[in-house]
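Colleague: Just so you know, this note's numbering puts 269 at position 99 of the sequence shown, and the rest follows in order with no gaps.
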Amino acid sequence: MNEDAGPIFRQVAAQIENAIVDGSLPEESQAPSSNELSAFHRINPATAAKGLNQLVTDGVLYKRRGVGMFVATGAREQLLKRRRSEFADQYVRPLMAEAEKLGISTRELATMIDRWEDER
């Protein structure tokens, strides 16, 4: 875990979210247990459980009593929708605001992005 990346329980939740988004943790599959996460990251099991429980609260995971936690149906789409919105807020809006300050039109900006994509 990265000390600079915020609270550890949020990092645990983000790691599980990333696995769901990239497909390595499919819907209806069992999520790692708090004990597995705590052993892997060498953190307190209560901290790992707090991250998992946050995902339960968010509707990304659900509990099966006596079995564990599982990825909810629709979790990937829910996460993608949220992340796309966050992406727009963090990157697109500031980009558009700066482009406007510089007198760059939306069409010019799209051309810049297309050129950058071609050069990659």
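Ideal Cβ placement from N, Cα and C applies to all residues, glycine included.
Remember, predicted model here, so these are calculated numbers, not experimental data.
1. Take LEU195 as the anchor and find which of ALA218, THR243 and SER255 has the nearest alpha-carbon.
2. Where DSSP assigns a beta bridge to GLY229, which residues make up the other side?
3. For GLY176, tell me which candidate among SER204, GLY221 and GLU256 has the shortest Cα-Cα distance.
4. If we call anything under 8 Å between Cβ atoms a contact, is VAL230 one with ALA245?
5. Distance check for ARG277 and ARG180, CA to CA, integer angstroms please.
6. Look up VAL262 in the DSSP assignment and say whether it is helix, strand or coil.
7. Under 8 Å, do VAL191 and LEU279 count as touching if we go by C-beta distance?
8. Residue ranges of each beta strand (DSSP E) run of no fewer than 3 residues wholly in the region 177–236, ordered along the chain?
Modeller: Reading off the structure:
1. To locate residue 195, count along the sequence shown from 1; it is residue 25. Put simply, of ALA218, THR243 and SER255 the residue whose alpha carbon is nearest the alpha carbon of LEU195 is THR243.
2. For this step, residue 229 is matched to residue 59 along the sequence shown. Paired residue(s): none; GLY229 is not in a bridge.
3. Taking the first residue of the sequence shown as position 1, residue 176 is located at position 6. Cα-wise, what sits closest to GLY176 is GLY221.
4. Counting from one through the sequence shown, the residue named residue 230 turns up at place 60. Counting from one through the sequence shown, the residue named residue 245 turns up at place 75. Cβ distance < 8 Å, so VAL230 and ALA245 count as in contact.
5. Counting from 1 along the sequence shown, the entry for residue 180 is found at position 10. Counting from 1 along the sequence shown, the entry for residue 277 is found at position 107. Looking at the two C-alpha atoms, the distance is approximately 38 Å.
6. Mapped onto the sequence shown, residue 262 falls at position 92. Looking at VAL262 - three-state DSSP - the assignment turns out to be helix.
7. Here residue 191 corresponds to residue number 21 of the sequence shown, with the count starting at 1. Here residue 279 corresponds to residue number 109 of the sequence shown, with the count starting at 1. Not closer than 8 Å, so no.
8. 231–234
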